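Below: the structure, in structure tokens.
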Amino acid sequence: MSPVAKSTSQASHGQTPSAASPLAGATVAATVGATTGDAANRSAEQQRLRRFVDAMARQEPNISWAAGLRDGGRTTLLVTDLAGGWIPPHVRLPAHVTLLEPAPRRHDANVEDLLGAVSVAAVHQPHGYIGEPEPDEPALTGDRTARTAPTVDELGPTLVEAVRRRDGLPRIAQAVAVAAARNYGVPDNEVELLHERATEIQQSVLSAYPHHDADTAIDWMLLAAINALIEGNHTAANYHLAWAIAVTSTRRGA
Numbered sequence: 001m002s003p004v005a006k007s008t009s010q011a012s013h014g015q016t017p018s019a020a021s022p023l024a025g026a027t028v029a030a031t032v033g034a035t036t037g038d039a040a041n042r043s044a045e046q047q048r049l050r051r052f053v054d055a056m057a058r059q060e061p062n063i064s065w066a067a068g069l070r071d072g073g074r075t076t077l078l079v080t081d082l083a084g085g086w087i088p089p090h091v092r093l094p095a096h097v098t099l100l101e102p103a104p105r106r107h108d109a110n111v112e113d114l115l116g117a118v119s120v121a122a123v124h125q126p127h128g129y130i131g132e133p134e135p136d137e138p139a140l141t142g143d144r145t146a147r148t149a150p151t152v153d154e155l156g157p158t159l160v161e162a163v164r165r166r167d168g169l170p171r172i173a174q175a176v177a178v179a180a181a182r183n184y185g186v187p188d189n190e191v192e193l194l195h196e197r198a199t200e201i202q203q204s205v206l207s208a209y210p211h212h213d214a215d216t217a218i219d220w221m222l223l224a225a226i227n228a229l230i231e232g233n234h235t236a237a238n239y240h241l242a243w244a245i246a247v248t249s250t251r252r253g254a
């Protein structure tokens, strides 16, 4: 009898087939291990994003925040839905985050809309739970690197002109903007007056959130740009002014 026939005959008489291949078992184990590893990595990233969001919410708990991973995990995007994605000047940012660029956006877009397609995300809703700070909390040192925006041509003159057109700002704002743009120096009492007005506008916007007035938010952005210019932080001044221009264009197109 041929070897093939003999093998067939043995199978037909109910003989037990050979055990599963060791290679097949190893493949299953590797697949399970990879799946477990992916789940662990995802959980770790979720916790990291949660720490970012909580760090923002501790500073400003009454607005929505979200953080998510883009570009295969290479980019951590941090957003709020205030004025379409603008981060107020008093909120300090973690290192290694990316913000939305200033652009005309729907006024009713929420943080999930603004976050877009992400692989992992964490979200804080107004008055939601905020975890206690942990030893590995993110360092809030990312303002100068994160607050980037397309360069506004002739930053100083453009800011002065934008302030001049705003009826809701005190007259002193234009004079201070001119002095800051030309690096003349601004008296402390005038700086204090601007800070007081900015605080009033901030309270008005945040108390009305999420139904805040876009024009009032624009005034806040412009005062933030002036204050940044006074401090010599041209990157932040450019960021706030670019947002004011973007939101203004949204209002005109409405």
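Residue numbers (the UniProt record's numbering): 1 to 254.
Even for Gly, the Cβ is constructed at its ideal location relative to N, Cα and C.
Here the structure is a predicted model, which means the values were calculated and not measured.
In this structure, Pro104 lies away from Thr216, with their beta-carbon atoms at least 7 Å apart. In the DSSP assignment, Val79 is bridged to Ala66.
In the structure shown, the three-state DSSP call for Leu100 is coil.
The Cβ neighbour count for Ala224, taken over all protein chains shown within 10 Å, is at least 16; the residue is labelled buried. For Val176, same chain residues with a beta-carbon under 7 Å away, outside a window of 5 residues either side, are Val186, Glu190, Leu194, Ile226 in chain order.
In this chain, the alpha helix (DSSP H) harbouring Val111 covers 111–115.
About 27 Å separates the beta carbons of Leu114 and Leu229, which is beyond the 8 Å limit, so they are not a contact pair. Distance from the Cα of Val152 is smallest, within the candidate group Glu101, Thr80, Leu241, Arg70, for Leu241. Per the C-alpha coordinates, the member of Ile245, Leu206, Val163 positioned closest to His90 is Leu206. Shown here, His124 sits in a strand according to DSSP, grouped into three states.
By the criterion of a C-beta distance shorter than 6 Å, Pro102 is surrounded in its chain by Ala149, Ala242, Trp243, Ala246, once the five residues flanking it on both sides are discounted. Under the Cβ criterion (8 Å, minimum of three pairs), the stretch 134–144 does not count as touching the stretch 64–72. Straight-line spacing of the CA atoms in Ala95 and Arg182 works out to 31 Å.
The shortest C-alpha to C-alpha distance from Ala214 to any of Pro135, Asp108, Ala139 is the one to Asp108. Trp220: member of the alpha helix (DSSP H) spanning 214–230, first to last residue. By the neighbour-count criterion, in which 16 or more other beta carbons inside 10 Å mark a residue as buried, His124 falls on the buried side.
CA-to-CA, the gap between Val97 and Glu161 works out to about 31 Å.
Annotated three-state conformation of Asn238 is helix, per DSSP. In the three-state scheme derived from DSSP, where H, G and I count as helix and E and B as strand, Trp243 is classed as helix.
With a 10 Å radius around the Cβ and a threshold of 16 neighbouring Cβ atoms, Gly116 comes out exposed. Approximately 7 Å separates the beta-carbon atoms of Leu222 and Leu169; this is inside 8 Å, confirming the contact.
If you look at Asn189, you'll find it in the alpha helix (DSSP H) that goes 188–208.
Arg171: member of the alpha helix (DSSP H) spanning 171–181, first to last residue.
Under the DSSP assignment, Gly156 falls in the alpha helix (DSSP H) whose first and last residues are 155–164. At the C-beta level, Gly73 and Val79 stay beyond 7 Å of one another.
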